[in-house]
Amino acid sequence: MRNPRFVDPTITLKYGAGGGAMRALIEQVFAAGFGEVTGGIGLAQMDDGAAIPIGDQWLVITSDSHVVHPIYFPGGDIGRLAVCGTVNDLAMMGATEPLALTCAAILEEGFARADLERIWASIRSACQEAGTTIVTGDTKVMGRGELDGIVLSTTGVGLTRRVVPDCGLRPGDLLLVTGTIGEHGLAVLATRAELALDTSLASDVAPLNGLVRDALAAGGAGIVAMKDPTRGGLASALHEMADKSGVGIVLDERAVPVRDETRAVSELLGIDPLIVANEGKAVIGVRREVADAVLAALRAHPLGRSAAIVGTCVAERPGSVIVETGFGRRLLAEPEGELQPRIC
Amino acid sequence: MSDELAQLKFRDPARGIALEEALAARARALGRSPVSIMHVCGSHEQAIARFGLRAAFPLELDVKMGPGCPVCVTDVPEVDEAVALAQQGVRIATYGDMLRVPGTSRSLADARAAGARVEVVYGVEQAVALARASAEPLVFFASGFETTAVATAAVLLAGPPENFSILSAHKYIPPVMEIVAEMPGSKIEGFLAAGHAAAITGWGVFEQFVERHHVPVVVAGFEPLDILAGLVRLVELIGAGTPEVANMFPRCVTHDGNLAAQRVLWRVFEPQGGRWRGIAHVPNGNLRLRDEFAGWDARRRFDIDLAALLDDVPPALVGQCQCGDIMAGIASPNDCELFGKACTPDAPVGACMVSSEGTCKIWHQYGGVPDLRQIRRRA
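So the protein sequences, as listed, match chains A and B. Each residue of the first sequence is one higher than the one before, counting from 28 in my numbering. Each residue of the second sequence is one higher than the one before, counting from 2 in my numbering.
Written as structure tokens, this is what we have:
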């Protein structure tokens, strides 16, 4: 069914913001007419990547483009973001051993070679961290003004014996997040000069495949859904999981780990940390009986020290996310459009 | 004080639940239902929605949001003036929320899309900096209540550059409470006043109001415990039948308020009657620059050509918008046919869906007031 709200004749920024508008565009245009992957996961499922059965294994493949302003931000840069984003999408499908990545660069005429070298050094170091490498790429240069600086486009491939979709939740399952949320988006936003914020907030951008490998080892088949809460933050990720799994999710807001500084900046700007992008966190849905083991495994990993159980799946209100605030309850709306500081 | 301590003090759920129980008991003791009370501040509605308080309010209590969003009550002709100036080629600076507020035929965002120069700023001093950086005229389209107006006034007293001027859409809250209290069909039995505005005006500003209308006013802060404690006190006063002003935000609000800020405010502005969008003409509800500051007043410096806007036909849906009734406390967003369907934050019909202080935007953001009591988590 076409959502009448998302049929604008021109593409506006909201179609790239990771919310309902983007999903509508994918359904209506990008995924239309490609059919299913036989016995696997393809475009129609709109998961973090595709999974194609090969023998007794799955080939997991994912593709990602990266545009970020500024290209260097506290805690990372566009190169690290490109590698981690791709590695994490593979990991969210269960492919924690990325075989290889590709990386294409589209550059604007006049882009500094020193910047390019700095970004590629960062890409190499992130690949090392994730235990993978770049095996092929592509280079294009466009005229001045035809593109803003640099765009990176990556593809990642990995093999796995078990694919974890983002739709395997059922009532009674628990949801974990692997650490504190809200840092990446707010750190990037805080660099905007007009906000004149002096913070030590840094992006959490990191490859999660090692952390997910430990979680899968501890939880086995009890891990039933995974998603990385990037654009649209935890709110978007939970909405998508609730919607695709046909369950309601009750989120205990007080259990969601948020650093003091993140909370302070988010209150100052009037932006809920739940809708802010993360680049080094995962949401993991588990059967109740393995929750403690998975939590312990996450907390034993350097990237999972602040992991916490934050939510429960219920049969009521499928597709909705209900926030328990400690004072009452509210529905969590799906974020749409660009993050705007609340001014008034 | 660490974040944890601050949270314990004003965001302690155990105390919150105790206050919710006290509120329920006192509301029940009134013996009638529903009893309507009104708050007049978008920040109160934000906190109520954000902390899910509506799900915890007793059914006997109908807590309405009144005209507490300065962006929402900015009248159509005021937006038209800014749009007309922008279309005449004058550079405009304003707050982000003002960009998409609909005028007769278009918003500032529409004007910008059509080529006008409209800058979003985060404060009036940023607009002054823009003016200083160039020689051409810059008009700051100023909105906000007595809180924000003080900042605008301070900038004018500090001597801004010659090419800077103000298009004031500043509003003053106390007079509109009189209007709402007198509105036919209004059954408001008590008001929750905004703590930050009262920090400027002092709580004493409400004494005459209480005398005239015989309804209690409670000044409250913005943390969930502030709001709950304020509501408990308000329902107590309604039950006791002793209308008075109670200050439940004593850590910020005094009887006389911030006298220095008041001096700055009234030195620069004078109250003037004017229309508040969708509500009514509010005597003394608008803040106009005094004659002494006419040199900075865009209305007196520029020849604003409103006629040029009247060639365009207003959008068809606007007639169905219920923002006015919603802000007057007569209707709720759920009563509006457009809410969440034809009117959404990315395609707003009315001003209440534009501003993050607007009732419709807040209800849309936080899922309105769904009944979430039945949902049980399995042990």
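All residues carry an ideal CB built from backbone N, CA and C; glycine is no exception. Bear in mind the structure is a predicted one, so any value in this text is a computation, not a measurement.
Taking buried to mean at least 16 other C-beta atoms within 10 Å of its own C-beta, is residue i buried or exposed?
{"i": "G90 of chain B", "result": "exposed"}
{"i": "G32 of chain B", "result": "exposed"}
{"i": "L325 of chain A", "result": "buried"}
{"i": "C371 of chain A", "result": "Low local confidence applies: a pLDDT of 33 at C371 of chain A is under 50, so the model's placement there is unreliable, and no value is given."}
{"i": "P175 of chain B", "result": "buried"}
{"i": "A348 of chain B", "result": "exposed"}
{"i": "M268 of chain A", "result": "buried"}
{"i": "M99 of chain B", "result": "buried"}
{"i": "M5 of chain A", "result": "Residue numbering for chain A in the displayed model covers 28 to 371; residue 5 of chain A lies beyond these limits and cannot be assessed."}
{"i": "Q366 of chain B", "result": "buried"}
{"i": "I81 of chain A", "result": "exposed"}
{"i": "E224 of chain B", "result": "buried"}
{"i": "V41 of chain B", "result": "buried"}
{"i": "E21 of chain B", "result": "buried"}
{"i": "K65 of chain B", "result": "buried"}
{"i": "Q55 of chain A", "result": "exposed"}
{"i": "Q47 of chain B", "result": "buried"}
{"i": "P185 of chain B", "result": "exposed"}
{"i": "P251 of chain B", "result": "exposed"}
Could you confirm whether any beta carbon from chain B is found closer than 8 Å to the beta carbon of residue i?
{"i": "F354 of chain A", "result": "yes"}
{"i": "S297 of chain A", "result": "The amino acid occupying residue 297 of chain A in the given sequence is Gly; Ser does not appear at that position. Interface residue, yes."}
{"i": "A360 of chain A", "result": "yes"}
{"i": "R357 of chain A", "result": "yes"}
Give me the residue from the options with the minimum Cα distance to residue i.
{"i": "L224 of chain A", "options": "A:L213, A:A233, A:V232", "result": "A:L213"}
{"i": "T149 of chain B", "options": "B:K172, B:L229, B:V283", "result": "B:K172"}
{"i": "R171 of chain A", "options": "A:G137, A:V178, A:A141, A:D142", "result": "A:G137"}
{"i": "A128 of chain B", "options": "B:A143, B:A114, B:G116", "result": "B:A143"}
{"i": "S152 of chain A", "options": "A:M120, A:G275, A:G106, A:I53", "result": "A:G106"}
{"i": "F294 of chain B", "options": "B:Q321, B:L288, B:V269, B:P103", "result": "B:V269"}
{"i": "P101 of chain A", "options": "A:L143, A:V204, A:L216", "result": "A:L216"}
{"i": "A286 of chain B", "options": "B:I18, B:F146, B:I201", "result": "Residue identity differs from the one stated: residue 286 of chain B is Gly in this sequence, not Ala. Measuring from the Cα of G286 of chain B, the nearest candidate turns out to be B:F146."}
{"i": "A304 of chain A", "options": "A:D255, A:G331, A:P234", "result": "A:D255"}
{"i": "A229 of chain A", "options": "A:T289, A:H93, A:A262, A:V321", "result": "A:T289"}
{"i": "C73 of chain B", "options": "B:I331, B:C337, B:Q323, B:L373", "result": "B:Q323"}
{"i": "M119 of chain A", "options": "A:V191, A:L143, A:R145, A:L301", "result": "A:V191"}
{"i": "D104 of chain A", "options": "A:A122, A:E144, A:M73", "result": "A:E144"}
{"i": "G274 of chain B", "options": "B:I180, B:S135, B:R27", "result": "B:I180"}
{"i": "E61 of chain B", "options": "B:K342, B:G240, B:V319, B:G320", "result": "B:G240"}
{"i": "L238 of chain A", "options": "A:D231, A:T123, A:I208", "result": "A:T123"}
{"i": "G191 of chain B", "options": "B:H214, B:A200, B:S44", "result": "B:H214"}
{"i": "R314 of chain A", "options": "A:D91, A:P198, A:A131", "result": "A:P198"}
{"i": "G341 of chain B", "options": "B:G368, B:A170, B:E79", "result": "B:G368"}
{"i": "D13 of chain B", "options": "A:L359, A:R357, A:G353", "result": "A:G353"}
{"i": "L229 of chain B", "options": "B:I327, B:D336, B:V246, B:A57", "result": "B:A57"}
What are the partner residues of residue i, as DSSP defines its beta bridges?
{"i": "D279 of chain A", "result": "A:E351"}
{"i": "P125 of chain A", "result": "A:G185"}
{"i": "V287 of chain B", "result": "Before going further, note that residue 287 of chain B is Asn rather than Val in the sequence given. BP columns for N287 of chain B point to B:K172, B:Q273."}
{"i": "V74 of chain B", "result": "Answer is none; V74 of chain B lacks a bridge partner."}
{"i": "Y5 of chain A", "result": "As shown, chain A starts at 28 and ends at 371. That puts residue 5 of chain A outside it, with no answer to give."}
{"i": "Y96 of chain B", "result": "B:V122"}
{"i": "A109 of chain A", "result": "Its beta-bridge partners do not exist; DSSP assigns none."}
{"i": "K167 of chain A", "result": "A:I133"}
Using a Cβ-Cβ cut-off of 8 Å, state whether residue i counts as contacting chain A.
{"i": "D111 of chain B", "result": "no"}
{"i": "F52 of chain B", "result": "yes"}
{"i": "Q366 of chain B", "result": "yes"}
{"i": "G17 of chain B", "result": "yes"}
{"i": "L288 of chain B", "result": "no"}
{"i": "P225 of chain B", "result": "yes"}
Identify the contact partners of residue i in chain D, using a Cβ-Cβ distance below 7 Å as the criterion.
{"i": "P14 of chain B", "result": "The chain labelled as chain D is not found among the protein chains of the depicted structure, namely A and B."}
Is the closest heavy atom of the ligand FMN to the C-beta of residue i under 7 Å?
{"i": "V310 of chain A", "result": "What this structure holds is no ligand at all, so the ligand FMN is not there to describe."}
Closer than 9 Å between beta carbons: that is the criterion. Which residues of the stretch 195–220 of chain B meet it against chain A?
Within the stretch 195–220 of chain B, no residue has a Cβ that lies closer than 9 Å to any Cβ of chain A.
Anything in the stretch 56–67 of chain B with a Cβ closer than 9 Å to a Cβ of chain A? List those residues in chain order, please.
Under the 9 Å Cβ criterion, the stretch 56–67 of chain B contributes A56, A57, F58.
Compile a chain-ordered list of the residues in the stretch 228–254 of chain A whose CB is closer than 7 Å to at least one CB of chain B.
So the list is empty, because no residue satisfies the distance condition.
Using a beta-carbon distance cut-off of less than 8 Å, what residues from the stretch 333–359 of chain B approach chain A?
For the stretch 333–359 of chain B, which is checked against every Cβ of chain A, the residues closer than 8 Å are T345, P346, D347, A348, S356, S357, E358.
Could you run through the stretch 254–277 of chain A and flag, in chain order, every residue whose CB is less than 9 Å away from some CB of chain B?
Of all residues in the stretch 254–277 of chain A, G275, V277 have a Cβ within less than 9 Å of some Cβ in chain B.
Chain B contacts from the stretch 33–50 of chain A (Cβ-Cβ distance under 7 Å):
Only K41 from the stretch 33–50 of chain A bring a Cβ to less than 7 Å from some Cβ of chain B.
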